[in-house]
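Going by mature numbering (1 follows the signal peptide of the UniProt record, and there is no 0), the letters in the sequence shown line up with residues -20 to -1, 1 to 221, in that order.
Beta carbons are placed, not taken as given, at the ideal position from N, Cα and C, and that holds for glycine.
Below is one structure, written out as structure tokens; comments come after it.
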Amino acid sequence: MFSVRKAASLLLCVISVCRGSSRCIPSYYQAGTECCPKCSPGEYVRADCSDESSTKCNPCEDGTFNDVFSGLKQCLHCTSCAPDSGLRIARPCTRTLDAVCEPLEGFFCIESKGFSCEAAEKHRQCKPGQYIRDNGTALTDTVCADCSAGTFSDGTFTTCRPHTQCENLLREGTALADAECGEGVSSINVTVVIVVVVLLVVFLCTGIIAALYFRKKKCLSGKRVTVQTQGEENIMIQPPV
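The structure is reproduced here in structure tokens:
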């Protein structure tokens, strides 16, 4: 029996021959001498069409996709957004759409395809003595600039900071670090402290010596008493009362 499917296929072949080409119309794909209907997005061809049946399609398996009408015998593998490559998933893969990747935080895209990033690099770290002129984005790297004279940055500042003005400078500031200040003591103050300490020691020693002297004198001072005994005169010191 001359089937409708066979008639349609012959018609497509006639049209192709008239156009001077063996290709099928866009919604069909060529399988041998046949022009078979393409499978829908999200599907792949399990079996080509024949005189008796149309194209048999199966849905894409997990981890694969097909985003167009096609005669593919298997779906395409989903793009992997690998963290090791500085990427993360911006849109997950489905049967009809591939995954879309974007840079991780702190990375920027260096190679893209359509709306998806295929390779990323880490943002540049500014060195001490530089400031961050422009923060990095998902599309651009960080831009660093050198600090001017009298300012400093450890590499993480968005502007260089002026050096601290010290009354007593211990270390001058550089482009890498701030100045260091100290509580300086003048030579006059040092002299005053030394004199005060010496005077205190002198007064303390004088006080101790005076106390010992008066104590000894008090012990030696007493009343002299004359005692007459058998024709002899004895003098004894009566301790003070």
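Do residue i and residue j have their C-beta atoms within less than 8 Å of each other?
i	j	result
Ala100	Pro72	no
Tyr9	Gln54	no
Thr122	Arg104	yes
Phe132	Asp114	no
Thr35	Pro6	no
Ile112	Phe137	yes
Arg151	Glu160	yes
Between which two residues does the beta strand (DSSP E) carrying residue i extend?
i	result
Gln54	Looking at the DSSP string, Gln54 is not in any beta strand (DSSP E), and its letter there is neither H nor E.
Arg104	Unbroken run through Arg104: none, as it is neither H nor E.
Ala11	8 to 11
Lys36	36 to 39
residue 222	Given that the chain is displayed from residue -20 to residue 221, the structure contains no residue 222 and the question cannot be resolved.
Gln110	110 to 114
Ala129	Segment: none, Ala129 is in no beta strand (DSSP E) and carries neither H nor E.
Ala27	23 to 27
Glu14	14 to 17
Look up residue i in the DSSP assignment and say whether it is helix, strand or coil.
i	result
residue 300	The structure shown has nothing for residue 300, since the chain only spans -20 to 221.
Lys93	strand
residue 227	With the chain covering -20 to 221 only, the question about residue 227 has no answer from this structure.
Leu119	coil
Phe87	strand
Cys146	coil
Ala100	strand
Ala70	strand
Arg141	strand
Arg75	coil
Cys4	coil
Ala155	coil
Pull up the CB-CB distance for residue i and residue j, whole angstroms please, since I reckon it's below 8 Å.
i	j	result
Gly22	Asn46	6 Å
Cys81	Cys61	4 Å
Ile124	Gln110	It is worth fixing the name first, because residue 124 is Cys in this sequence and not Ile. Confirmed, Cβ separation roughly 4 Å.
Cys37	Cys58	In fact, because the Cβ distance is near 19 Å, the residues do not count as touching under 8 Å.
Ser92	Glu85	That pair is no contact at about 18 Å.
Does at least one heavy atom of the ligand FMN sit under 7 Å from the Cβ of residue i?
i	result
Pro63	The ligand FMN is absent from the structure shown, which contains no ligand whatsoever.
Kindly provide the ranges of any beta strand (DSSP E) runs that are 3 or more residues long and lie completely inside the segment 158 to 196, ordered along the chain. none
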